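Order-wise, the sequence lines are chains A and B. Heads up, the first sequence is in the working numbering, so the first residue is 1 and it goes up one at a time. Heads up, the second sequence is in the working numbering, so the first residue is 1001 and it goes up one at a time. Written below as structure tokens is the structure these notes are about.
2 protein chains.
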Amino acid sequence: MTIELSPDLQAMLKDKTELIPAIAQDAATGEVLMLAYMNQESLAITIESGRATYWSRSRDELWEKGATSGHTQKVISIALDCDGDALLLRVEQIGAACHTGDHTCFHREIESHKL
Amino acid sequence: MTIELSPDLQAMLKDKTELIPAIAQDAATGEVLMLAYMNQESLAITIESGRATYWSRSRDELWEKGATSGHTQKVISIALDCDGDALLLRVEQIGAACHTGDHTCFHREIESHKL
């Protein structure tokens, strides 16, 4: 059985077939955790299950974040951007988001100035 | 004259030719503002100038954010993700990030739960 997006939501997407970059942000701290990709089915599953599910470009399959590591993401909110080609998920991250064990995948700073 | 990335930084990128999704986050509030794309040159210019410069996929050209609207992004920090195919820019956003006048491009919530 394939879970489908509602027609209303489908209509909000800029492109029906392209993968959509999805930003995961820690809902409690605001820290940006990772960027992954979703297709329509993974977005529908994420909404249905409340757990972030992406499309793995390397394995070419649905990928429920944390299914093997236990480092799941409980979805607090999902927002679509103004032109319908990017997603922002605010999540409750269990354990580390990054496979390196770091809390965020963005742990390599290449430039830094004072605010 | 083309501005180039340092060899060290070039070596950190997963792919030398593909566009890299770049997340802009408000450095003061943590709010995620937008997602755009960079090529190597736009990243080099961003580092050099301290102002976020992207690659416009629709116009197929370099795009200094705010060059026409005045809604520029002063770069506070740049981080590369663990596998070198996504960027996180923490910025000081002047005015609205979104062309709609909203502070963030992610103003359309499609799902929401209590934290």
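For glycine and all other residues, C-beta sits at the position ideal for the given N, C-alpha and C. As the structure is a prediction and not an experimental result, all values here were calculated from the model.
query: Would the beta-carbon of Gln-25 (chain A) fall within 8 angstroms of that of Leu-88 (chain A)?
result: For this step, residue 25 (chain A) is matched to residue 25 along the first sequence. For this step, residue 88 (chain A) is matched to residue 88 along the first sequence. Cβ atoms of Gln-25 (chain A) and Leu-88 (chain A): closer than 8 angstroms.
- request: Would you decide whether Thr-72 (chain A) is buried or exposed? Buried here means 16 or more other CB atoms lie within 10 Å of its CB.
  value: Start at 1 with the first residue of the first sequence, and residue 72 (chain A) comes out as number 72. The residue is buried, with at least 16 neighbouring Cβ atoms inside 10 Å.
- request: Below 8 angstroms on the Cβ atoms is my guess for Ala-27 (chain A) versus Glu-1109 (chain B); work out the distance and round it to an integer in Å.
  value: Here residue 27 (chain A) refers to the residue found at position 27 of the first sequence. Here residue 1109 (chain B) refers to the residue found at position 109 of the second sequence. Incorrect: roughly 13 angstroms between the Cβ atoms, too far for contact.
Neighbourhood of Met-12 (chain A) by C-beta, 8 angstroms cutoff - its chain only, sequence neighbours within 5 removed: For this step, residue 12 (chain A) is matched to residue 12 along the first sequence. Closer than 8 angstroms at Cβ, skipping near neighbours: Leu-80 and Gly-84.
query: Is Ala-52 (chain A) buried or exposed, if buried means 16 or more other CB atoms sit within 10 Å of its CB?
result: Taking the first sequence and counting its residues from 1, the one referred to as residue 52 (chain A) is at position 52. Buried: at least 16 other Cβ atoms inside 10 Å.
message: If I measure Cβ to Cβ from Ala-86 (chain A) and keep anything under 6 angstroms in the same chain, skipping five residues before and after, which residues do I get?
response: Translated into positions along the first sequence, residue 86 (chain A) becomes position 86. Pro-21, listed in sequence order.
- prompt: Since Gln-1093 (chain B) sits in a beta bridge, which residues does DSSP pair it with?
  reply: Counting from 1 along the second sequence, the entry for residue 1093 (chain B) is found at position 93. DSSP output for Gln-1093 (chain B) lists B:Gln-1073 as bridge partner(s).
query: What residues are listed by DSSP as bridge partners for Leu-1013 (chain B)?
result: Walking along the second sequence from the start, residue 1013 (chain B) turns up at place 13. Looking at the DSSP assignment, Leu-1013 (chain B) forms no beta bridge with any residue, so it has no partner.
Short CB-CB distance (under 8 angstroms) between Ala-1079 (chain B) and chain A: As a working note, residue 1079 (chain B) is residue 79 in the second sequence. By this cut-off, Ala-1079 (chain B) is an interface position.
query: Roughly how many angstroms lie between the CA atoms of Lys-114 (chain A) and Ile-94 (chain A), to the nearest whole one?
result: Against the first sequence, residue 114 (chain A) aligns to sequence position 114. Against the first sequence, residue 94 (chain A) aligns to sequence position 94. For Lys-114 (chain A) and Ile-94 (chain A), the distance between alpha carbons rounds to 31 angstroms.
task: To the nearest angstrom, report how far apart Val-1091 (chain B) and Thr-1046 (chain B) are at their CA atoms.
output: Taking the first residue of the second sequence as 1, we reach residue 1091 (chain B) at position 91. Taking the first residue of the second sequence as 1, we reach residue 1046 (chain B) at position 46. So the two alpha carbons sit approximately 11 angstroms from each other.
task: Jot down the residue ranges of each uninterrupted alpha helix (DSSP H) in the region 29–78 of chain A, minimum 4 residues, whole runs only, in chain order.
output: 40–49
- request: State yes or no: is the C-beta of Cys-105 (chain A) within less than 8 angstroms of the C-beta of Met-38 (chain A)?
  value: Reading the first sequence from its first residue, position 105 is the one you call residue 105 (chain A). Reading the first sequence from its first residue, position 38 is the one you call residue 38 (chain A). No, these two residues do not count as a Cβ contact at 8 angstroms.
query: Cβ of Gln-25 (chain A) less than 8 angstroms from any chain B Cβ?
result: If you number the first sequence from 1, residue 25 (chain A) lands on position 25. For Gln-25 (chain A), the answer is yes, since a Cβ of chain B falls inside 8 angstroms of its Cβ.
- prompt: Which residues in the same chain have their Cβ closer than 7 angstroms to the Cβ of Ala-96 (chain A), if we skip the five residues on either side of it in sequence?
  reply: On the first sequence, residue 96 (chain A) is found 96 positions in, with the first residue counted as 1. Counting only Cβ-Cβ distances below 7 angstroms, and skipping sequence neighbours, we find His-71, Asp-102 and His-103.
- request: Would you identify the three-state DSSP class for Asp-1008 (chain B), choosing helix, strand or coil?
  value: Here residue 1008 (chain B) refers to the residue found at position 8 when the second sequence is read from its first residue. Reduced to three states, the DSSP call for Asp-1008 (chain B) is helix.
query: Is the shortest distance between the beta-carbon of Leu-1088 (chain B) and the beta-carbons of chain A less than 8 angstroms?
result: Sequence index remark: in the second sequence, residue 1088 (chain B) carries index 88 (1-based). Closer than 8 angstroms to some Cβ of chain A, the Cβ of Leu-1088 (chain B) qualifies, so yes.
- prompt: Which residues in the same chain as Arg-1057 (chain B) place their Cβ atom closer than 8 angstroms to its Cβ, once the five residues preceding and following it in sequence are excluded?
  reply: Along the second sequence, one-based indexing puts residue 1057 (chain B) at 57. Closer than 8 angstroms at the Cβ level, and outside the excluded window around Arg-1057 (chain B), lie Leu-1019 and Tyr-1037.
query: CA-CA distance, Glu-1004 (chain B) and Ile-1076 (chain B)?
result: Here the question's residue 1004 (chain B) lines up with position 4 in the second sequence. Here the question's residue 1076 (chain B) lines up with position 76 in the second sequence. Answer to the nearest angstrom: the Cα atoms are 20 angstroms apart.
Spatial distance of Pro-1007 (chain B) from Ser-1042 (chain B) (CA atoms): In the second sequence, residue 1007 (chain B) corresponds to position 7, counting from 1. In the second sequence, residue 1042 (chain B) corresponds to position 42, counting from 1. Their backbone Cα atoms lie some 15 angstroms apart in a straight line.
task: Could you name the residues of chain A that Leu-1019 (chain B) contacts, counting a contact when the two beta carbons are closer than 8 angstroms?
output: As a first step, residue 1019 (chain B) must be located in the second sequence, where it is residue number 19. In chain order: nothing, as chain A lies at least about 11 angstroms away.
- prompt: Counting along the chain, where does the beta strand (DSSP E) carrying Ala-86 (chain A) start and finish?
  reply: Here residue 86 (chain A) refers to the residue found at position 86 of the first sequence. Neither: Ala-86 (chain A) is in no beta strand (DSSP E) and is coded neither H nor E.
- request: Would you please verify whether the beta carbon of Leu-1013 (chain B) is less than 8 angstroms from any beta carbon of chain A?
  value: Numbered from its first residue, the second sequence carries residue 1013 (chain B) at position 13. It does not: the Cβ of Leu-1013 (chain B) has no partner Cβ on chain A nearer than 8 angstroms.
- prompt: Of all Cβ atoms in chain A, is any one closer than 8 angstroms to the Cβ of Met-1034 (chain B)?
  reply: Here residue 1034 (chain B) refers to the residue found at position 34 of the second sequence. Judged by the 8 angstroms Cβ criterion, Met-1034 (chain B) is in contact with chain A.
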